[in-house]
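K.L.:
Residues 45 to 116 (the working numbering) are what the sequence shown spells out, left to right.
Every residue gets a Cβ at the ideal spot worked out from N, C-alpha and C, and that includes glycine.
Here it is, the structure in full.
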Amino acid sequence: MASRFDGPTPVQTDVLVGPAAFTLEDYITEKRIDLVIMTSHGRGGLVRTALGSVTDRLLGRTAPVLVVRPKP
């Protein structure tokens, strides 16, 4: 990916307010994001079912999603 750019990769920071999954979905579509990189909390089972998952909501609805697990 670095070979596509001459020099530093530009970065933009925005603060979004609202329900995470829906707000991110709209933002990704509006800004025409090519790749979403997210971290995982590592929750599973009942906790994940009860809380839902932002990652699950974005998968297949927006740009490709790369999920990075935290180090144990």
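(1) To the nearest angstrom, how far is the alpha carbon of Leu-95 from that of Val-61?
(2) Determine the closest residue to Arg-101 out of Arg-76, Ile-72, Lys-115, Pro-114, with distance taken between C-alpha atoms.
(3) Check whether the Cβ atoms of Ala-82 and Thr-99 sit closer than 7 angstroms, and answer yes or no.
P.N.:
Judging by the given coordinates:
(1) Low per-residue confidence applies at Leu-95: pLDDT is 47, beneath 50, and the placement is therefore not dependable, though the value from the model is reported in the following sentence. Rounded to whole angstroms, Leu-95 to Val-61 spans 18 angstroms at the Cα level.
(2) Ile-72
(3) In the sequence as displayed, the identity of residue 82 is Met instead of Ala. Contact flag set, yes.
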